[in-house]
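Numbering (my numbering), first residue to last: 236 to 540.
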């Protein structure tokens with residue numbers, strides 16, 4: 236990210252330090268994105284699941300105003316689980332896919348499609364399956380008409396009603412949403428980032444800090460919006476499966492299609508905010524943190540030599 240070690244002479248100790256800083260930068264950015272995004276995620280979960288807002292809620296700016304005023308108001312059911320789950324998930328996907336891509340390249344893999352897509356596909360699929368019980372429990376908790384339960388109580392309730400396998404109900408729809416979203420976002424991030432670096436090298440590497448910040452912003456927004464827009468239908472399908480309980484993927488799809496294709500756009504505007512924003516924030520702040528720390532590591536390494 237930012238400055239590439241492969242294009243500069245950096246000692247092994249500096250390279251190891253930059254890897255550690257990238258780890259810390261990615262983890263910090265993932266936590267920050269998850270924390271800032273919780274109200275947007277909550278509003279999106281309510282809208283896409285079709286949950287009814289309480290009639291007594293504040294009516295600021297119509298239906299959308301009611302939704303966001305409810306999402307911003309305490310209590311925040313499942314907030315710790317949501318923020319923790321989002322943090323490790325995005326960190327594992329973005330940092331993990333970067334490391335896996337580097338490992339594949341070092342191992343002799345040269346196919347561009349494999350290097351761009353396989354790491355994000357594998358990391359996002361593993362994360363989705365591992366996170367599924369928490370996703371199911373926390374989305375269910377956002378129903379305003381549901382009794383206020385803890386995440387543990389929500390998980391226990393699912394197991395009692397549907398068995399242990401119920402915790403992974405909706406995994407197929409979740410994979411349809413999560414894997415293409417992150418494969419697309421990571422590919423767009425890498426493609427734009429590599430083009431920006433080539434352009435910077437043509438200019439002799441003379442790029443100001445503000446220009447790098449703008450490049451990171453453009454790359455981050457493009458990656459986040461592209462991934463979110465492509466996967467809204469899968470998000471709606473997954474949330475409907477959660478709401479219906481035992482309804483399978485094809486059964487839920489048939490029921491939704493009975494009313495026409497409009498369901499595919501349900502909650503689209505909220506989803507673009509809830510999904511694109513944290514992905515964009517994660518990428519942008521990872522770049523911001525890693526660039527500043529990496530530049531410091533390189534300068535200190537140069538001065539010591």
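Each residue gets a CB set at the ideal place from its N, CA and C atoms; glycine is no exception.
Check your understanding: How would you call residue 340, buried or exposed, if buried means at least 16 neighbouring beta carbons within 10 angstroms?
Key -> To locate residue 340, count along the chain shown from 1; it is residue 105. Exposed, by the Cβ-count rule.
Review point. Whole-angstrom Cβ separation of residue 366 and residue 320, contact assumed at under 8 Å?
Key: What you label residue 366 is simply residue 131 of the chain shown in a count that begins at 1. What you label residue 320 is simply residue 85 of the chain shown in a count that begins at 1. Confirmed, Cβ separation roughly 5 Å.
Review point. Helix, strand or coil: how does DSSP classify residue 333 here?
Key: Here the question's residue 333 lines up with position 98 in the chain shown. Three-state result, residue 333: helix.
Review point. Which residues bound the alpha helix (DSSP H) around residue 404?
Key: By 1-based counting over the chain shown, the position of residue 404 is 169. Run containing residue 404: none; DSSP gives neither H nor E here.
Review point. For residue 241, which residues from the same chain have a beta carbon less than 8 Å from its beta carbon, with the 5 sequence-adjacent residues on both sides left out?
Key: On the chain shown, residue 241 is found 6 positions in, with the first residue counted as 1. Residue confidence for residue 241 is low, a pLDDT of 40 falling below 50, so the modelled location carries little weight; the figure read from the coordinates is stated next. Closer than 8 Å at the Cβ level, and outside the excluded window around residue 241, lies no residue.
Practice item. Measure the C-alpha to C-alpha separation of residue 263 and residue 526 and round it to an integer number of angstroms. Key: Sequence index remark: in the chain shown, residue 263 carries index 28 (1-based). Sequence index remark: in the chain shown, residue 526 carries index 291 (1-based). Residue 263 and residue 526: Cα-Cα distance of roughly 14 Å.
Point to revise | Contact under 8 Å by Cβ, residue 431 with residue 454 | key: As a working mapping, residue 431 is identified with position 196 in the chain shown. As a working mapping, residue 454 is identified with position 219 in the chain shown. Cβ atoms of residue 431 and residue 454: closer than 8 Å.
Review point. Count the other CB atoms within 10 Å of the CB of residue 183; is the residue buried (16 or more) or exposed (fewer)?
Key: The question about residue 183 has no answer here: the residues shown for the chain are numbered 236 through 540.
Exercise for review: Using the Cα positions of residue 498 and residue 440, report the straight-line distance between them to the nearest angstrom.
Suggested key: The sequence position of residue 498 within the chain shown is 263, counting from 1. The sequence position of residue 440 within the chain shown is 205, counting from 1. Whole-angstrom Cα-Cα distance: 48 Å.
**Study point:** Inter-residue spacing [alpha-carbon to alpha-carbon] between residue 330 and residue 317
**Key:** The residue given as residue 330 occupies position 95 in the chain shown. The residue given as residue 317 occupies position 82 in the chain shown. The alpha-carbon atoms of residue 330 and residue 317 are separated by roughly 19 Å.
Point to revise | Cβ pair residue 272, residue 374 closer than 8 Å | key: Walking along the chain shown from the start, residue 272 turns up at place 37. Walking along the chain shown from the start, residue 374 turns up at place 139. For residue 272 and residue 374, no; Cβs fall outside 8 Å.
Point to revise | Cβ neighbours of residue 435 in the same chain (closer than 7 Å, five flanking residues each side left out) | key: Taking the chain shown and counting its residues from 1, the one referred to as residue 435 is at position 200. Counting only residues of its own chain and dropping the five nearest sequence neighbours on each side, residue 435 has a CB closer than 7 Å to the CB of 442.
Review point. Is the beta carbon of residue 512 sitting closer than 8 Å to the one on residue 459?
Key: Numbered from its first residue, the chain shown carries residue 512 at position 277. Numbered from its first residue, the chain shown carries residue 459 at position 224. In contact: residue 512 and residue 459 (Cβ atoms closer than 8 Å).
**Study point:** residue 302 vs residue 282 beta-carbon contact at 8 Å
**Key:** Locating residue 302 in the chain shown gives position 67, where the first residue counts as 1. Locating residue 282 in the chain shown gives position 47, where the first residue counts as 1. Taking 8 Å as the Cβ cut-off, residue 302 and residue 282 qualify as a contacting pair.
Check your understanding: Would you call the segment 394-411 and the segment 350-364 touching, i.e. three or more CB-CB distances under 8 Å?
Key -> yes
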